[in-house]
Amino acid sequence: MKIKRPPEEKLDFVLHLGDFIYEGLGYGDARSVPPFPSGGQHGEGTPHAKTANDYRHLYRTYLSDPHLQAARARWPFLHVWDDHEFTNDAWQSAATYDSGADSAQSRKVAANRAWFEYIPARLSDHEGDEGGTSHAQDFRPAEVTDAPLDASDRTGLVDEPNNQAAVESMSIYRNFQWGRHLELVLTDGRSYRTPHPVPPEINQKLSGSDRYLTPLKAVEVFDAGRTYDDGHPPETIEIGDQTIPNVRRESAPGSMLGDRQKEWWKNTVARSTATWTVWGHGVPLMPMRIDLGAVDPDAQTVVMTTDTWDGYLTERRELLSFVQDADTRLVSLSGDNHNSFAGLLHPTFESAGETPIGAEFSVCGISSPSLFRAFVQAISDDSPLRPLIAFDGRPVDLDVEQVEALNLTFLDGAKASATAARTGNLDQAKEAGEGPNDHLSYVDSNAYGIGRVTVDARGVDVELITTPPPVTPQRERELEVTRRAHFTLRPASGSGTVALEGPEIEGEPPFPFWSK
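Structure below.
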């Protein structure tokens, strides 16, 4: 039986924040993809798309889902891409499977072509807003070869003809207006970004991974490049017992948007007269950090991943300070991180007492494995970090075999999770914690689902909806809702300022939002 929704509950459009496909086979459990027409190319141990026909093969497979077909027939979709429409943790036309800068200009062109063929989007005929300039552009074929990319100076788009031709074969950043209250700004965080701040070979020495759990100190120094400490960057950085050469000492600060897109973004934000400026983009804006030093005197605070805005601190400060000066109320809608979270945006995230200028709501994936699940698989049971991720609650009378401590680690700090694992007392745990993410209000790291947003003169209402993983046999029946976390963002006293209410949780709350 079809249920007719009242007008205020009907969707105007679906905003898809990227990773519509995954370029590699064998990722997660939700979908089986037949072999690539070309056989694929191998990276990280799995075949990944190499040619336009490979990428087309992925879109055809994903779009064979009858539920997705029904949704695309029912509602208009507005899309941005993230990395997996091209290649994991991409920047410009570079893949990062091996060295962090593998030449992949031909794959970038192939990925852009397939995206344009299978994702409905007005680009070249997008008009933009009155007084503004639209840079959106349909796909244009480009003949390229894979050539080395030298981005060691991080000065914007790499000056290599094949890279420039691949990147410029299509442009997707654009903006839309809905009435008086919504300005929607969509950006491309992949095609113009500079390489990640800490090169993978150095990050491997620091954390054992290419881009995860990077010491914040290294990110701050490497991202700022030659501008660090008012133009006096150190030659080396001391991280624990390691002395790391500052290989970015002569480099420009990192950028995720690139000069041209950033100028357009600023102009669009400054011109907007809407009550709310909503920024739709691929990766989270807010910091997501873990204060390892709170439980290990030899450790430091780390950023979860430098692939998000936490790896591009200089440009994030620049953009959010611009928002503050423009007296704009900003709402960031993001994805990528495989978990749902919400919190307030601050100009720098560096000092206590900053006036919030907006909020971010970051949504989990529909079917991709959750962040919690990835950490549980990566951190062994006997690791000293394990209680910060998950612990057996039964010995401490929590009556849960696997407590999702990662939520508490982000919200209240590493010491809070360590205390909870030892005592089972949430009040004591929260009192012990002094986490580095005071801006966060909610984290659901073991989530699958969607978000729903309503914008009007009174505020922005957000519902983060968590479901079980939509895999066989569950996908054969109507999907259940595990929980709904409700938030309301309201204008506060003072121009451009906001107040965030919530979460109000309907259904089974995630740890630590339940009491013993």
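Per my numbering: the sequence shown ends with 511, consecutive numbering throughout.
Every residue gets a Cβ at the ideal spot worked out from N, C-alpha and C, and that includes glycine.
(request) Between the Cα of Y443 and those of L435, T461 and V450, spot the shortest distance and give me the residue it belongs to. (result) T461
(request) Could you pull out every residue in the same chain whose Cβ sits closer than 7 angstroms to the Cβ of V28, ignoring the five residues on either side in sequence? (result) L20, L53 and T56
(request) Below 6 angstroms CB to CB, which residues in the same chain sit around E18 once its five sequence neighbours on both sides are set aside? (result) H43, A44, H79 and T82
(request) Please report how far the alpha carbon of G288 lies from the alpha carbon of R135, in whole angstroms. (result) 50 angstroms
(message) Measuring straight from C-alpha to C-alpha, what distance separates D14 and E155?
(response) 27 angstroms
(message) Does the contact criterion of 3 or more C-beta pairs under 8 angstroms hold for the segment 354 to 372 versus the segment 317 to 328?
(response) yes
(request) Can you tell me which of the three DSSP states E258 falls into? (result) helix
(request) Express the C-alpha separation of S436 and K511 in angstroms, rounding to a whole number. (result) Low per-residue confidence applies at K511: pLDDT is 41, beneath 50, and the placement is therefore not dependable, though the value from the model is reported in the following sentence. Each residue's Cα considered, the two are about 20 angstroms apart.
(request) Check whether the segment 409 to 422 touches the segment 385 to 397, taking contact to mean three or more Cβ pairs, one atom from each stretch, closer than 8 angstroms. (result) yes
(request) Output the distance between the C-alpha atoms of E399 and A373, rounded to the nearest integer angstrom. (result) 15 angstroms
(message) What does the alpha-carbon distance come out to for the pair E178 and A96?
(response) 35 angstroms
(message) Are the CB atoms of L406 and I384 within a distance shorter than 9 angstroms?
(response) no
(request) Please report the Cβ distance between G430 and G408, rounded to the nearest whole angstrom; I am assuming they are in contact, meaning their Cβ atoms lie under 8 angstroms. (result) 3 angstroms
(request) Please check if any C-beta of chain D sits within less than 9 angstroms of the C-beta of P382. (result) The structure shown contains no chain D, having only a single protein chain.
(request) Rounded to whole angstroms, what's the CA-CA distance from L10 to V371? Just pull it up for me. (result) 30 angstroms
(request) Please look up how many angstroms separate the CB atoms of T182 and Q256, rounded, as I've assumed it's under 8 angstroms. (result) 6 angstroms
(message) According to DSSP, is W110 part of a helix, a strand, or is it coil?
(response) helix
(message) From the DSSP secondary-structure annotation, give me the bridge partner or partners of V466.
(response) Answer by DSSP bridge pairing: none, since V466 is not bridged.
(message) Less than 6 angstroms between C-beta atoms, sequence neighbours within five positions excluded: which residues of the same chain meet that for D205?
(response) P195 and N198
(request) Counting only the same chain and skipping the five closest in sequence on each side, list residues whose C-beta sits under 7 angstroms from that of A265. (result) A321
(request) Please work out which residues of its chain come closer than 6 angstroms, Cβ to Cβ, to S440, disregarding the five sequence neighbours upstream and downstream, and give them in chain order. (result) N334, L366, F367, L401 and N402
(message) Which of the three DSSP states is assigned to T41 in this structure?
(response) strand
(message) Taking the alpha-carbon of D71 as reference, which of R117, E458, S88 and H37 has the nearest alpha-carbon?
(response) For the record, residue 71 in the displayed sequence is Pro; it is not Asp. Ranking R117, E458, S88 and H37 by Cα distance to P71 puts R117 first.
(request) Sort out for me which residues DSSP pairs I460 with in a bridge. (result) I445 and R479
(request) Compare the C-alpha of V297 against each of E349, T231, D286 and E215 and name the closest. (result) D286
(request) Return the residue from the list L211, A146 and T300 that minimises the CA-CA distance to G235. (result) L211
(request) Kindly identify the DSSP beta-bridge partner or partners of F523. (result) Within the shown structure, residues of the chain are numbered from -4 to 511, placing residue 523 beyond reach of any answer.
(message) Below 8 angstroms on the Cβ atoms is my contact criterion, and I expect D133 with N170 to pass it. Report the Cβ-Cβ distance as a whole number of Å.
(response) Wrong, their Cβ atoms sit about 17 angstroms apart, outside the cutoff.
(message) To the nearest angstrom, how far is the alpha carbon of P498 from that of D84?
(response) 31 angstroms
(message) If you reduce the DSSP assignment to three classes, tell me which class I197 lands in.
(response) helix
(message) Going by beta-carbon coordinates alone, are Y223 and V216 separated by less than 9 angstroms?
(response) yes
(message) Check this for me: beta carbons of Y168 and W110, under 9 angstroms apart or not?
(response) no
(request) Just grab the DSSP bridge partners of L10 for me. (result) L73
(request) Can you grab the Cα-Cα spacing for the pair S316 / T343, in whole Å? (result) 7 angstroms
(request) For D141, I'd like the list of residues in its chain whose CB is within less than 6 angstroms of its CB, leaving aside the five on either flank, ordered along the chain. (result) S98, Q100 and S101
(request) Report buried or exposed for K525, applying the criterion of at least 16 other Cβ atoms within 10 angstroms of its Cβ. (result) Since the first residue of the chain shown is -4 and the last is 511, residue 525 is not available in this structure.
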